[in-house]
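When you read off a place in the sequence shown, starting at 1, and then add 1, the result is the number in my numbering. Each residue gets a CB set at the ideal place from its N, CA and C atoms; glycine is no exception. Since the model is a prediction, treat every value here as computed from it, not as a measurement.
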Amino acid sequence: MIAHPAGPRHAEEVQHTGAPDRPTTAAEVLTLAPNVWPQNAVRGDDGAVSIAGVSV
Numbered sequence: 002m003i004a005h006p007a008g009p010r011h012a013e014e015v016q017h018t019g020a021p022d023r024p025t026t027a028a029e030v031l032t033l034a035p036n037v038w039p040q041n042a043v044r045g046d047d048g049a050v051s052i053a054g055v056s057v
């Protein structure tokens, strides 16, 4: 039996339809998901993210 302070169904692992697979490498973790970030969002070589040239 799974016990979780937020409730019995909260601890169940559910893969939602349309959710991407879990990242397996560091490069996959750092990839900006196109369905979340604007098209003009980029991650620079230094790891910083900018949107339309503005660092965020």
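Query, Result
"Would you kindly report the start and end of the unbroken alpha helix (DSSP H) that includes V30?", "27-31"
"What does DSSP give as the partner residue(s) for R23 in the beta ladder?", "DSSP, once it has assigned bridges, lists no residue as partnering R23."
"Quick check: R44 and V37, are their CB atoms within less than 8 Å of each other?", "no"
"Specify the secondary structure class of A42 as computed by DSSP and reduced to three states.", "strand"
"Alpha carbon to alpha carbon, how far is V55 from Q40?", "14 Å"
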